[in-house]
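> Structure incoming, see below.
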Amino acid sequence: MNRQRHFDAIIAGSGVAGLYCALQFPAEKRILVLCKDAMSVSNTDLAQGGVAAVLNTQNDSFALHKEDTLIAGHRENDEHAVDILVREGPDDVRRLYTEFGVEFDKQPDGSLNATLEGGHSRRRIVHHKDSTGHEIATRLCAAVTARPNITVAEHTLLYRLDRIDGGFFAHVLTADGAAVYAAPYVVLATGGIGQVYRYTTNAPIATGDGIRLAWEMGCRIAHLDYVQFHPSSFAGGDPHTRQRFLISEAVRGEGARLLNGKGERFMHLYDDRLELAPRDVVAKSIMLESRRQADEHFYLDIAYKGADFLKNRFPMIYEKCLQAGVDMTKQPIPIFPCHHYLMGGIAVNENAKTDLDRLYAAGECACTGVHGKNRLASNSLLEGLVFGRRAAQDILRHSAGERFDPPPLPAPDDLSGAPLPAGLADTVNDVMQRAAFVLPDLGAVREGLKTVDRMIARLKSGHFALSKDYVETLSLATVAHIILKELQAK
Ligand SMILES: Cc1cc2nc3c(=O)[nH]c(=O)nc-3n(C[C@H](O)[C@H](O)[C@H](O)COP(=O)(O)OP(=O)(O)OC[C@H]3O[C@@H](n4cnc5c(N)ncnc54)[C@H](O)[C@@H]3O)c2cc1C
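Going by the working numbering, the letters in the sequence shown line up with residues 2 to 491, in that order.
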């Protein structure tokens, strides 16, 4: 990376929200994109099912997409934010294929092949086979890399933001030690919190760092207990595997049947929409059925659709199941719920601005209110696009004619200190599994809160070495604290 230390904006995160935000800035704006791992490591890269957008108004409408979003969100959504999402989203999705070369699957006649997912009343999910996120991430990474005005700092972890007159000092950890950058605007696009839980579909980067930073700076954090558990993560193979791969919603959308351990369908006992009920309903139904049967074995059966269809429609899921010894074209896939997505986050307005002047948040770390209590499948890539773009547009509006004269950069922090004790992150995972997995346990919430509060106090007063492990453990414990507090208050 070059030696430049002052930028027009710093964006923390190279997922869909951070990359698409960076691409909105004109050539004369110097943008720094920070990513704590390689640029390609993100939840965005893992997304399978697709992006929801009304691209064809013959059989669909913004009103229907909005209504589906509100039903899934238990009508706790911010309706104005949902309007923005469903009305502006289609243009952002079109830009993905017209400007950035994203290849969505097409019908033989050349039109886009939109599919159905749980909770959607129309086929409006555009996708690239079953690896839509990888396709989008790859194209956006290439576009960002080709822009001379955007500097990407890989393996560079943002751990503190100091407010200064007219902007921020951003303190980062790199392989060579600590460093400091300055900018008048910062966008947090640091993604989700999956690593707080024992089992998650999320990438290892999902430790809630941006949420912790915003919390420490006094920003409002909204609905952090609105966590989505995906009903169907792969439960075959090694039961101790932490990062579980997802059996996409689209598998149910294409007609898969949910079976209990006796091989019986059971969704009719819990919801009239059966397998196409929104994912929170399906995840809770599985947990209730699990209690009824005193059994944790569950399956998704789609073998009846035939090998040709399944290998073509779900090539990645087919391969991954096969590697783990399950042939989905011949047998049901073992599944169980696991942590998947965060609806809450750093509270932002319709332009992705936090309560703090010049600080923005977009993507999974932010709470725009579009998802309400439960996200409708395939609305989150869309949210990252729409509100990542809006953050950049708001910054451009406000920075017009502005001049940023930061004080001299401070010396980077001293990293030395005591080594971090092993096992702290596991303790957070254990607490959250007991207290806050799908159906919360209020007794375990009270106990868990004491444990994580003791841990936070120890982390803050223990004079530990400033390392990636230290920063991420502090983020995990802080996020757990906020979630447990919210649950306790209910
Ligand atoms: C398995 C899976 C399947 C999914 N399928 C779909 C789907 O089909 N459709 C859909 O709409 N959504 C889907 N989602 C959800 C969706 O992928 C995510 O919500 C979305 O991609 C989040 O994008 P983001 O830009 O907010 O964060 P991410 O894509 O997670 O990117 C976060 C970025 O922040 C960086 N970062 C984090 N902390 C720091 C720090 N301290 N310093 C510097 N950088 C930092 C990371 O390195 C990374 O670059 C899926 C998610 C998963 C896990």
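For every residue, glycine included, the Cβ atom is placed at its ideal position computed from N, Cα and C. Just so we're clear, the structure is a prediction, and the values are computed from it rather than from any experiment.
Unbroken alpha helix (DSSP H) runs of length 4 or more, entirely within the stretch 182-266: which are they?
With a minimum length of 4 residues, the continuous alpha helix (DSSP H) runs that stay inside the stretch 182-266 are 210-217, 250-254.
> Ligand 1 and residue 206: does the residue's C-beta get closer than 7 Å to at least one heavy atom of that ligand?
Yes, since a heavy atom of ligand 1 falls inside the 7 Å radius drawn around the Cβ of residue 206.
> Look up residue 76 in the DSSP assignment and say whether it is helix, strand or coil.
Of the three classes helix, strand and coil, the one that applies to residue 76 here is coil, per DSSP.
> Secondary structure at residue 372, three-state DSSP: helix, strand or coil?
Note: residue 372 maps to coil in three-state DSSP.
> Spatial neighbours of residue 269 within its chain, please: CB distance less than 7 Å, with the 5 preceding and 5 following residues excluded, ordered by chain position.
The answer, listed in chain order, is 275.
> So, under 8 Å CB-CB, residue 192 and residue 207 are touching, yes? Tell me the CB distance rounded to an integer number of Å.
With 8 Å as the limit, residue 192 and residue 207 qualify as a contact, their Cβ atoms being about 5 Å apart.
> Determine the closest residue to residue 170 out of 12, 197, 228, 304, with distance taken between C-alpha atoms.
That would be 12, whose Cα lies nearest to the Cα of residue 170.
> Which value, in whole angstroms, describes the spacing of the CA atoms of residue 118 and residue 234?
So the alpha carbons of these two residues sit roughly 16 Å apart.
> Which same chain residues, not among the five before or five after residue 175, have their C-beta less than 6 Å away from its C-beta?
Answer for residue 175: 157, listed in chain order.
> Between residue 463 and residue 69, what straight-line distance do the alpha-carbon atoms span, to the nearest angstrom?
Their backbone Cα atoms lie some 49 Å apart in a straight line.
> Tell me which same chain residues have a C-beta within less than 6 Å of the C-beta of residue 298, skipping the five on either side of it?
Cβ neighbours of residue 298 beyond the five flanking positions: 262.
> Any chance you could list the alpha helix (DSSP H) runs of at least 4 consecutive residues sitting entirely within the stretch 15-42, in chain order?
List check, alpha helix (DSSP H) in window: 17-23.
> Could you give the first and the last residue of the continuous beta strand (DSSP E) run that contains residue 465?
Element bounds for residue 465: n/a, residue is neither H nor E.
> Out of 435, 255, 465, which has the shortest C-alpha to C-alpha gap to residue 449?
Among 435, 255, 465, the Cα nearest to that of residue 449 belongs to 435.
> Buried or exposed: residue 102, going by 16 or more other Cβ atoms within 10 Å of its Cβ?
Exposed: under 16 other Cβ atoms inside 10 Å.
> CB of residue 15 to nearest heavy atom of ligand 1: below 7 Å?
Yes, Cβ of residue 15 sits closer than 7 Å to a heavy atom of ligand 1.
> If you measure from the CB of residue 190, is any heavy atom of ligand 1 nearer than 7 Å?
Checking every heavy atom of ligand 1 against the Cβ of residue 190, one is found closer than 7 Å.
> With 16 other CB atoms within 10 Å as the buried threshold, where does residue 418 fall?
Exposed: under 16 other Cβ atoms inside 10 Å.
> By alpha-carbon positions, which one of 243, 212, 78 ends up nearest to residue 560?
There is simply no residue 560 to check, as the chain begins at 2 and stops at 491 in what is shown.
> For the stretch 452-471 against the stretch 219-227, do three or more pairs of beta-carbon atoms, one drawn from each stretch, fall closer than 8 Å, so that the two count as touching?
No, because fewer than three Cβ pairs between the stretch 452-471 and the stretch 219-227 fall closer than 8 Å, the two stretches do not touch.
> Within a Cβ cutoff of 7 Å, which residues of the same chain sit near residue 414, ignoring the five residues on either side of it in sequence?
Here the set comprises 172, 179, 467.
> For the stretch 390-399 and the stretch 344-353, state whether three or more C-beta atom pairs, one from each stretch, are separated by less than 8 Å.
With a cut-off of 8 Å, the stretch 344-353 and the stretch 390-399 count as touching, because enough Cβ pairs lie within range.
> Less than 8 Å separating the beta-carbons of residue 134 and residue 416?
Result no, Cβ atoms of residue 134 and residue 416 do not sit closer than 8 Å.
> In this structure, how does DSSP classify residue 486 when only helix, strand and coil are distinguished?
Helix, per DSSP.
> Could you check which residue in 308, 340, 345, 48 has the C-alpha nearest to that of residue 374?
Residue 345 is the option with its Cα nearest to residue 374.
> Alpha carbons only, please: which of 136, 98, 249, 65 is nearest the one belonging to residue 86?
Looking at the Cα atoms, 65 is the closest of the given residues.
> Can you pull the DSSP bridge partners for residue 161?
Bridge partners of residue 161: 172.
> Given residue 189, which residues of its chain have a CB within under 6 Å of its CB, disregarding the five upstream and five downstream residues?
Taken in chain order, the residues that qualify are 13, 211, 362, 366.
> Just how far apart, CA to CA, sit residue 328 and residue 45?
Rounded to the nearest angstrom, the two C-alpha atoms are 27 Å apart.
> Out of 286, 91, 140, 132, point me to the one whose CA is closest to residue 317's CA.
It is 132 whose Cα lies nearest to the Cα of residue 317.
> For residue 187, which option in 167, 50, 243 has the closest C-alpha, if you only look at C-alpha atoms?
Residue 167 is the option with its Cα nearest to residue 187.
> Taking 7 Å as the cut-off, is the CB of residue 37 close to at least one heavy atom of ligand 1?
Yes, since a heavy atom of ligand 1 falls inside the 7 Å radius drawn around the Cβ of residue 37.
> When you compare only the Cα positions, how much space is there between residue 104 and residue 143?
The alpha-carbon atoms of residue 104 and residue 143 are separated by roughly 14 Å.
> Is it a yes or a no for the stretch 147-165 touching the stretch 93-102, going by three-plus beta-carbon pairs under 8 Å?
Not touching, per the Cβ criterion.
> Cβ of residue 319 versus every heavy atom of ligand 1: is any distance shorter than 7 Å?
No; taking the cut-off as 7 Å, the Cβ of residue 319 has no heavy atom of ligand 1 nearer than that.
> Are residue 286 and residue 50 closer than 8 Å when you measure CB to CB?
Not a contact, by the Cβ cut-off of 8 Å.
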